[in-house]
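Just so you know, we're using the working numbering here: the sequence shown kicks off at 12 and counts up by one. The beta carbon of each residue, even a glycine, is placed where N, CA and C say it ideally should be.
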Amino acid sequence: MMIRSVVVGCGSYLPARVLTNADLAKIVDTSDEWIVERTGIRQRHIAADDEKTSDLALNAAKAALKHAGMTADDIDLIVLATATPDETFPATACRVQAGLGMTHGFAFDVQAVCSGFVYALATADNFIKAGQARAALVIGAETFSRILDWTDRTTCVLFADGAGALVLKAEEGKGDNTDRGVLTTHLHSDGRYHDLLYVDGGPSSTQTTGHLRMLGKEVFRHAVVNLADVVKETLAAVNMQPSEIDWLVPHQANKRIIDGTARKLGLGTDQVVLTVGHHGNTSAASVPLALAEAVADGRIKQGQVVLMEAMGGGFTWGSALVRW
């Protein structure tokens, strides 16, 4: 027997404001056709001026708890993935903890940019397996619109705001790949590629927030290779074949990257949860937002095998295999 982290709730939150490609074409030299052809993105959500990352995260957390039939009293750990915290400190997770009325347990942020949610899920899973938590809220939340250079057409058309959350609960499993819950997680990073995707500011360097900078073609090239490798590693770890995957829930960065990953796995388009078209790239929020959508509309069902994967600045990348 072994302890498994079983997903018992899923929730999300998107800001009300929608920014279409046509709207962007009024701001920078771009077009709907150009954006859709290269990325698959048609629209995205942008936080209101008075909405902070913690507000988005809190709404997603409440939705996930409601879906789980649980309250904040049942949670003893919050791990929040974000690259756009409310403040330099304290952790945005602590703001969420306070917003939920939680005065027990512990809460902290993790920062792995677009891989953040996979890192947060792995972290929470390990705390649960170690017996240091019984139930956890895992959240990905971003207000990337706050760090975009709205004159840079290569980046401002890609990124957006949102939040998604899962509730994990400790349950006993047999210890094989038929168990419900998190079956395996794999995390990687390689700091040599800093200059391909980064923000040109921070407390210790410029004392400013800075703007996102990216060399898109290079990031694309690395993403295709790294994601294919981590998927192979993941399946080998639990002695499973690509044919046993029911759903691929990838980081929603670019439809072409997602299509390429699915082809390598031999998965049909009907097995891929694709939200990049209407969400854009919401960084750490993209995987849980996609999960929440597919759970809400009934696509992802209990007992199915779900593969999540992501790559982000750092470079960081990783995967999580979960039996729902």
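- Annotation for S200: the continuous beta strand (DSSP E) segment containing it runs G192 to S200.
- Classified as exposed, Q143 has fewer than 16 neighbouring CB atoms from the shown chains inside 10 Å of its CB.
- By the Cβ neighbour-count rule, R55 is buried, with 16 or more other Cβ atoms within 10 Å of its own.
- I269 carries a helical assignment under DSSP once its states are collapsed to helix, strand and coil.
- DSSP places Y209 in no alpha helix (DSSP H) but in the uninterrupted beta strand (DSSP E) bounded by L208 to V210.
- The residues S65 and D97, in chain order, have a CB closer than 7 Å to that of R106 in the same chain once the five nearest residues on each side in sequence are set aside.
- The DSSP-derived three-state label of Q108 is helix.
- For N250, the secondary structure class from DSSP, reduced to helix, strand or coil, is coil.
- A distance below 7 Å between beta-carbons, with the five flanking residues on each side excluded, links V29 to the following residues of its chain, in chain order: Q54 and H56.
- Taking C-beta atoms under 8 Å as the contact rule, H233 and Y204 qualify, at a distance of about 7 Å.
- The beta carbon of R164 is closer than 7 Å to those of V39, D40 and T41 in its chain, skipping five residues each way along the sequence.
- A Cβ-Cβ contact shorter than 7 Å links T50 with N265.
- The DSSP-derived three-state label of I46 is helix.
- Assignment of C21 by DSSP, reduced to helix, strand and coil, places it in the strand class.
- Restricted to the segment 71-157, the beta strand (DSSP E) segments that are unbroken, complete and at least 3 residues in length are 88-92, 117-121 and 146-154, listed in chain order.
- In the structure shown, F170 falls within a strand segment according to DSSP collapsed to helix, strand and coil.
- Around the C-beta of E48, fewer than 16 other C-beta atoms lie within 10 Å, and the residue is accordingly described as exposed.
- Taking the CA atoms as reference points, E304 sits about 34 Å from G213.
- By the neighbour-count criterion, in which a residue is buried when 16 or more other Cβ atoms sit within 10 angstroms of its Cβ, T280 is exposed.
- One Cα belongs to G227, the other to D206, and the distance between them is close to 11 Å.
- One thing to note: A104 has its Cβ no nearer than 7 Å to the Cβ of V19.
- Taking 7 Å as the cut-off, the Cβ atoms of E255 and H197 do not count as close.
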